Amino acid sequence: NAGVMQNPRHLVRRRGQEARLRCSPMKGHSHVYWYRQLPEEGLKFMVYLQKENIIDESGMPKERFSAEFPKEGPSILRIQQVVRGDSAAYFCASSLDRAKQPQHFGDGTRLSIL
Amino acid sequence: AQRVTQPEKLLSVFKGAPVELKCNYSYSGSPELFWYVQYSRQRLQLLLRHISRESIKGFTADLNKGETSFHLKKPFAQEEDSAMYYCALKVPGANNLFFGTGTRLTVIP
Chain E
1 NAGVMQNPRH LVRRRGQEAR LRCSPMKGHS HVYWYRQLPE EGLKFMVYLQ
51 KENIIDESGM PKERFSAEFP KEGPSILRIQ QVVRGDSAAY FCASSLDRAK
101 QPQHFGDGTR LSIL
Chain Y
1001 AQRVTQPEKL LSVFKGAPVE LKCNYSYSGS PELFWYVQYS RQRLQLLLRH
1051 ISRESIKGFT ADLNKGETSF HLKKPFAQEE DSAMYYCALK VPGANNLFFG
1101 TGTRLTVIP
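The listed protein sequences derive, respectively, from chains E and Y.
Take 1 as the starting number for the first sequence in the working numbering and just add one per residue.
Take 1001 as the starting number for the second sequence in the working numbering and just add one per residue.
Below you can see the structure in the form of structure tokens.
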């Protein structure tokens, strides 16, 4: 079991471009969580998804950010028209179920905006 | 609102010395508390959770509801313990973890 796979590991974008971050959960896991870590801060929750459904997006910025977890394929975190303040490490985690099982994290994607 | 505080950004101890990484939380109910660790060039991984009441790699952590703390302790630090440690809280019924800002532990040989 390769664990949670995130790609790319590093992503560089210019202001105004789009960034797409991918996350494949651990085998058998259907719950996916995205977190963002700004410099010198802890991880902050963004969104929680199950297959084809967004369950909780209370941590997502209202504009430019979206997430999906299609029936087939990885979960995608999409940031449109990126700005310098979007530079951060974005972590994905997955779990077997929501309540009892711990979350397992990927290596993260480090997004840099020029 | 829920909050996790790790007051030390950096902590250095000598090999063989006891180590304590502090974690305080604010939440009025009964949360679930975790310690995650990130070794150099590795991903964040779960170290221990308070409901398991277990010792992992010699580390223990006791939930003190009176002091709202969940400090991580090890009696004799090893060089391989050098890493970034994050305390995290989960509210019953919630979907996500609340993380502290982390403490970087360096064990000096």
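Backbone N, C-alpha and C define an ideal beta-carbon position, used for all residues, glycine too.
Computed from a predicted model, the values in this text were never measured in an experiment.
Asked                                                                                                                                                                                     : Found
Using a Cβ-Cβ cut-off of 8 Å (strictly less than) and excluding sequence neighbours within five positions of glycine 1100/Y, which residues of its own chain qualify?                     : Val1004, Thr1005, Gln1006, Cys1023, Tyr1086, Cys1087, Ala1088
Taking 8 Å as the CB-CB cut-off, is leucine 116/E touching chain Y?                                                                                                                       : No answer is possible for residue 116/E: it lies beyond the span of chain E, which begins at 1 and ends at 114.
Using 8 Å for Cβ pairs, my map puts glutamine 17/E next to valine 82/E. What's the rounded Cβ distance?                                                                                   : 6 Å
Closer than 8 Å is the cut-off here; do at least three beta carbon pairs connect the segment 1006-1018 of chain Y with the segment 25-39 of chain E?                                      : no
Considering only DSSP beta bridges, list what phenylalanine 65/E is partnered with.                                                                                                       : Ile79/E
Using DSSP bridges, identify the partner residues of threonine 1101/Y.                                                                                                                    : Answer by DSSP bridge pairing: none, since threonine 1101/Y is not bridged.
Quick one: using the 10 Å Cβ neighbour count with 16 as the cut-off for buried, is threonine 109/E buried or exposed?                                                                     : buried
DSSP has asparagine 1024/Y in a bridge; who is on the other side?                                                                                                                         : Thr1005/Y, Ser1069/Y
Leaving aside the five residues before and after isoleucine 1051/Y along the sequence, list all residues of the same chain whose C-beta is less than 8 Å from its C-beta, in chain order. : Glu1032
Any contact between the segment 64-80 of chain E and the segment 1033-1046 of chain Y? By contact I mean 3 or more CB pairs, one from each, below 8 Å.                                    : no
So if I threshold CB-CB distances at 8 Å, which residues from the segment 1014-1039 of chain Y count as touching chain E?                                                                 : Phe1034, Tyr1036
Which residues of chain Y have a Cβ atom closer than 8 Å to the Cβ of isoleucine 55/E, listed in chain order?                                                                             : Asn1095
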